[in-house]
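Here is the structure we will look at, set down as structure tokens.
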Amino acid sequence: MAAKKGQSGVAVLFQGVGFLFAALLVLHLLFLLTGFAGEGQLASSVAQAAEPLALFFPGLLTVDVPALQVLLDYGLAACFWVLLGGVLGRVFG
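Residue numbers in the sequence shown follow the UniProt record's numbering, run continuously in steps of one, and reach 93 at the last position.
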């Protein structure tokens, strides 16, 4: 991830951390949807990292379809981290 012209290293750091957090959440979401979540060390490590990053989003909106519930829970949290990283990157950039 290269810094744009005029963008400080702190801005790139904030954007990178936001992207990393969102990537962990999306990976956990994919593991849950594909049924890979119960198999092996990788899935459990990603789950341990993703659960605290989901913040208050799990259960914020409730739907009857389990797959859609997982998408809402972790998808909204991933969007939050990307937006927060972008906003902090703009503020400190």
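All C-beta atoms, glycine included, are put in the ideal place defined by N, C-alpha and C. Remember, predicted model here, so these are calculated numbers, not experimental data.
query, result
"Helix, strand or coil at T34 [DSSP, three-state]", "helix"
"P58 in three-state terms, based on DSSP", "coil"
"Coil, strand or helix - V16 by DSSP", "The residue asked about is misnamed: residue 16 is Gly in this sequence, not Val. Correct three-state label for G16: helix."
"Proximity of L61 and L72 at Cβ, strictly below 8 Å", "yes"
"F21 to Q15 span [Cα, whole Å]", "10 Å"
"For G59 and Q69, the rounded distance between their alpha carbons", "8 Å"
"Spatial distance of Q41 from E51 (CA atoms)", "15 Å"
"Spatially closest choice to F57 from A49, Y74, Q48, V63, by CA coordinates", "Y74"
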